[in-house]
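Enquirer: The structure's right below; bear with me while I get my questions together.
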Amino acid sequence: MQNLGVDDLLDQLNVVAELENLTANPTGRAKGIVLEANLDIGRGPVATVLVDKGQLKVGDPVVAGAAWGKVRALINDRGEQVKEAGPSSPVQVLGLSAVPQAGDEFRVAPDEKTARTVAEAREQRFRVLNQRGDARVQRGVKLEDIFTQIQAGEVATLNLVIKADVHGSLEAVSESLRKLERDEVKLAFVHRGVGGVTENDITLAAATNATLIGFNVRPDRKARDLAESEGVEIRTYEVIYKLLEDIERAMLGLLAPEFEEVVTGEAEVREIFRVPKIGAIAGCFIRTGVITRGTKVRFLRDGTIIWKGSINSLRRFKDDVKEVREGFECGIGLSDFQDLKQGDLIETFEERQIERV
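So the sequence shown is numbered by our numbering: it starts at 862 and just counts up by one.
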């Protein structure tokens, strides 16, 4: 964050490049590594790849892990669409059938049929391995019950369902949590995935007595309601250090009082209005709860948090109002946010201090 050591790093890279005489073959079918991948609501699966051999071109049939497809578009690091990418070129690839894993190798296949056959074989193999892993998952204890089991002299197993916004975050969270294991407490990952928290995640967590952790993602209203009825604990974080601190304290039985976020309202964006000198105004329908002017909000797109701030203005027709209740329509202006799209959700919340016993 302070740009320390950057010059030294660049010098070292230059020395290595000169001494090793590093070269790559820029011809033939491309191959490389998936650096990051996520599911974009407008563009579908998007993979950021680094080409290390050959030329990757628009229209090439590719396979990456258990995903396959035909390259629909290539976007370089400046956000520009390009026709091809050679060695050492990082590009975003659009057109895959699914979201690959970070670290997967990608290759250009001879044809689409070959790419599909290879990807489906890999998907079948991964599914079998996951089923074997699920069979080993035992019913664990909830996070708040760990200390009681440790005091009884028993080894506690903490089952976790982890959802994150992108694969890079998912791997970072998983690896960091593994380092927290100790003799008295074992961790078992029931499921790990990318995207918003869904009802399927809640059902799985309920069946295995798992705690559900969301990193930079949120559950929708149906998932929250199901979690409440099933007694599933959902913990959401946006800072990895806070996540690790909470889990470690729970494993040590040292959970301190904390603030609980209570969702007070949810509005769906149905129309976008442009007002001179003000900017974009979201024409919304209040789906649940009450939307109050000045409250903290999260802006959600496909279950992923894309912005946090506050409500700047709230109107019913031409009148400024303090609050709008469920079932009514209103116009919402957000502070410092203009990237509005139909179908987005505005979620208001307040923080309430709770004591852990």
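Heads up, the beta-carbon is just placed ideally off N, CA and C, and yes, glycines get one too.
Is the stretch 1042 to 1049 touching the stretch 1092 to 1107, taking contact as three or more C-beta pairs under 8 Å?
Expert: Flag = no, the stretch 1042 to 1049 and the stretch 1092 to 1107 do not touch.
Enquirer: Could you tell me which residues DSSP puts in a beta bridge with histidine 1052?
Expert: DSSP output for histidine 1052 lists Val1022 as bridge partner(s).
Enquirer: Using only the alpha-carbon positions, how far apart do glutamine 863 and histidine 1052 sit?
Expert: 36 Å
Enquirer: I believe alanine 959 touches valine 1022 by the beta-carbon criterion, under 8 Å. Please report the beta-carbon distance rounded to the nearest angstrom.
Expert: Contact flag wrong, Cβ pair sits at about 20 Å.
Enquirer: Please report the straight-line C-alpha distance between glutamine 1199 and alanine 1068, rounded to a whole angstrom.
Expert: Straight-line Cα distance between these residues: approximately 41 Å.
Enquirer: For arginine 933 versus leucine 955, is the C-beta distance shorter than 8 Å?
Expert: Cβ atoms of arginine 933 and leucine 955: closer than 8 Å.
Enquirer: Specify whether the stretch 922 to 940 and the stretch 1052 to 1062 touch according to this definition: at least 3 beta carbon pairs, one from each stretch, less than 8 Å apart.
Expert: Judged by Cβ distances under 8 Å, the stretch 922 to 940 makes no contact with the stretch 1052 to 1062, as fewer than three pairs qualify.
Enquirer: Over the uninterrupted beta strand (DSSP E) stretch that includes asparagine 899, give me the two end residues.
Expert: 892 to 901
Enquirer: Express the C-alpha separation of alanine 980 and valine 895 in angstroms, rounding to a whole number.
Expert: Answer to the nearest angstrom: the Cα atoms are 15 Å apart.
Enquirer: Check for me: the alpha helix (DSSP H) holding leucine 880 runs from which residue to which?
Expert: Per DSSP, leucine 880 belongs to the alpha helix (DSSP H) from 867 to 881.
Enquirer: Under 8 Å between the Cβ atoms of valine 1124 and phenylalanine 1050?
Expert: no
Enquirer: Helix or strand or just coil, what does DSSP make of arginine 1096?
Expert: strand
Enquirer: State the CB to CB distance for the pair threonine 923 and valine 969, rounded to an integer number of angstroms; the pair is presumed to be in contact (CB under 8 Å).
Expert: The sequence given here places valine at residue 923; threonine does not occur at that position. That belief holds up - the Cβ atoms of valine 923 and valine 969 are roughly 5 Å apart, short of 8 Å.
Enquirer: Figure out for me which residue from Leu1201, Ile1207 and Arg1177 has the closest Cα to the Cα of lysine 1157.
Expert: The shortest C-alpha separation from lysine 1157 is found at Ile1207.
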